[in-house]
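K.L.:
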Ligand code: ATP
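Residue numbers (the working numbering): 151 to 620.
(1) Please classify residue 603 as buried or exposed, where buried requires at least 16 other C-beta atoms within 10 Å of its C-beta.
(2) Any heavy atom of the ligand MG inside 7 Å of the beta-carbon of residue 441?
(3) Compute the Euclidean distance between the alpha carbons of residue 299 and residue 289, then round it to the nearest angstrom.
(4) Exposed or buried, what is residue 383 when buried is set at 16 or more other beta-carbons lying within 10 Å of its beta-carbon?
(5) To test your reading of the DSSP string, which unbroken beta strand (DSSP E) runs of 3 or more residues are found completely within the region 537–578?
(6) For residue 482, verify whether its CB is less than 7 Å away from any heavy atom of the ligand ATP.
(7) To the nearest angstrom, report how far apart residue 521 and residue 569 are at their CA atoms.
(8) Can you tell me whether residue 353 is buried or exposed, with buried defined as 16 or more other CB within 10 angstroms of its CB?
(9) Considering Cα atoms alone, identify which of 388, 576, 527 and 278 is closest to residue 554.
(10) Since I believe residue 496 is in contact with residue 511 (beta carbons under 8 Å), could you give me their beta-carbon distance rounded to a whole number of angstroms?
(11) DSSP on residue 527, reduced to helix/strand/coil?
(12) If we ignore side chains and look at the alpha-carbon of each, how far apart do residue 346 and residue 417 end up?
(13) From this set, 584, 425 and 241, which residue's C-alpha is nearest residue 455's C-alpha?
(14) If you draw a straight line from the alpha carbon of residue 385 to that of residue 442, how long is it in whole angstroms?
(15) Give me, in chain order, the residues of the same chain whose beta-carbon lies closer than 7 Å to that of residue 192; leave out the 5 immediate sequence neighbours on both sides.
(16) Would a C-beta distance cut-off of 8 Å place residue 355 and residue 321 closer than the cut-off?
(17) Measuring only the C-alpha atoms, how far is residue 323 from residue 247?
(18) If you check the beta carbons only, do residue 480 and residue 377 fall under 8 Å apart?
(19) Assign residue 339 to one of two classes, buried (16 or more other C-beta atoms within 10 Å of its C-beta) or exposed (fewer than that).
(20) Considering only heavy atoms of the ligand ATP, does any lie closer than 7 Å to the CB of residue 224?
(21) Is residue 495 near the ligand ATP, with its Cβ less than 7 Å from a heavy atom?
(22) Contact defined as beta carbons within less than 8 Å: I believe residue 573 pairs with residue 519. What is the distance between those atoms, to the nearest angstrom?
(23) Just to confirm the assignment, what range does the alpha helix (DSSP H) spanning residue 275 have?
(24) Between which two residues does the alpha helix (DSSP H) harbouring residue 498 extend?
(25) Tell me the DSSP secondary structure of residue 652 in three-state form.
See below:
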């Protein structure tokens with residue numbers, strides 16, 4: 151739930167000197183140019199702050215999600231998966247506190263511009279703290295501001311054939327509640343005992359007041375959430391472990407450690423359900439901003455759902471008969487935000503032989519395409535041989551075959567989508583069966599037998615990788 155004190159538009163708490171030299175505009179332009187992400191409904195003038203993922207965007211986001219599943223599920227034995235429906239019984243949101251509490255007080259400009267603002271943001275900006283007393287004015291035109299009003303951030307819709315008889319339901323504002331309401335189901339079928347977790351990836355919707363910064367804050371986004379159920383006295387220890395685990399996930403996937411930080415919420419910032427929360431923040435072009443929140447949600451949610459549903463939501467040990475309501479540690483990440491951080495961290499440009507080379511130095515496991523196979527010239531049997539090699543490689547990993555344009559142009563295209571390796575088929579290939587293997591980061595070219603490509607690329611893909619950006 152949104153309670154952090156940093157500016158919701160992402161105002162920098164870092165000094166400008168620390169800020170990455172890359173701008174969000176460069177990322178947006180690359181995303182459009184190379185078909186990662188488009189403005190939604192563009193032909194109608196676009197729908198504000200909503201985006202569509204194109205081919206490479208889909209592949210990249212799938213890889214982000216697959217790496218998350220790998221780390222939190224496949225490489226552990228204390229986690230199970232869930233995919234709950236977006237639409238849930240409306241009582242869920244009464245129990246969770248969203249219907250009463252998922253609100254941000256808004257103030258409207260009574261002066262010239264009539265713009266709406268989040269009161270806490272304006273107070274923080276003008277008076278130094280979210281809850282500071284004193285007069286605030288419209289940040290845009292200096293006009294007087296209205297009294298704060300509450301605004302429900304959940305999207306509503308009607309379930310049922312007619313407006314008169316339809317039941318009001320909500321698009322979920324977080325995936326977490328789908329996990330809590332399934333606690334009993336999972337406990338029965340999975341035969342797990344705390345500590346264990348339930349992991350889920352899915353869409354969430356929030357009628358955000360100040361969306362922006364490209365895909366950083368949108369009204370429709372994807373969350374990757376874990377609810378990890380633990381005996382209450384073990385909660386602080388598990389909270390610490392999950393903070394470490396999740397920091398490691400980002401650095402293992404190539405994010406530079408000095409561009410990541412953990413920030414603990416102060417007491418005035420904590421959500422109503424939380425005993426402790428820390429955010430993993432990344433140094434985005436607009437400053438340090440939240441990537442993921444890791445909260446100790448106590449037994450708040452299970453107790454509330456037990457109260458509202460009448461079901462017992464507790465763990466009973468079949469041996470000792472001991473019963474208790476577990477505490478919950480929640481690492482809650484955004485798939486779109488993580489993707490943006492990976493792209494920002496990977497974006498680079500350098501001069502090579504007098505020309506600018508723009509590239510994404512993505513971790514090879516995240517790269518949408520792992521290898522491009524390119525004939526040097528479009529004759530002498532080279533395209534046919536390159537296509538054969540490509541057809542073998544694509545059974546092992548996502549590969550591309552490209553014959554269009556000069557070899558330099560084709561490599562520039564692959565650099566911009568972050569393809570870590572390029573294979574060139576040339577006249578020597580036709581004589582001795584070797585190809586050149588080009589490395590995206592070092593530009594080093596090595597000669598290798600075409601039949602060894604599969605094994606060599608699989609070896610490179612499995613090897614640890616660190617960003618050469620340093
Ligand atoms: P923020 O303070 O940035 O609004 P939050 O604290 O409300 O975030 P949580 O409710 O903890 O966010 O959600 C967990 C994660 O979901 C966030 O860390 C972020 O990665 C992602 N997320 C939340 N809101 C959005 C949004 N509007 N657009 C994109 N991702 C989001």
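We put the beta carbon where it would ideally sit given N, CA and C, even for glycine.
P.N.:
So, from the listed chains and residues:
(1) By the 10 Å Cβ count, residue 603 comes out buried.
(2) With respect to the ligand MG, the structure offers nothing, as its ligand set consists of the ligand ATP.
(3) 18 Å
(4) So residue 383 ends up on the exposed side.
(5) 549–551 and 571–575
(6) True, at least one ligand heavy atom lies under 7 Å from that Cβ.
(7) The C-alpha of residue 521 lies about 6 Å from the C-alpha of residue 569.
(8) exposed
(9) 527
(10) 5 Å
(11) Coil.
(12) 28 Å
(13) 241
(14) Answer to the nearest angstrom: the Cα atoms are 19 Å apart.
(15) none
(16) Pairing residue 355 with residue 321 gives a Cβ-Cβ distance under 8 Å.
(17) Between residue 323 and residue 247, the C-alpha separation is close to 12 Å.
(18) With contacts defined as CB atoms closer than 8 Å, residue 480 and residue 377 qualify as a contacting pair.
(19) exposed
(20) no
(21) no
(22) Going by Cβ atoms, the distance from residue 573 to residue 519 rounds to 12 Å, so no, they are not a contact pair.
(23) 269–277
(24) Where residue 498 is concerned, there is no enclosing alpha helix (DSSP H), although the beta strand (DSSP E) it sits in stretches over 497–502.
(25) An answer regarding residue 652 cannot be provided, because it is not within the stretch 151 to 620 covered by the chain.
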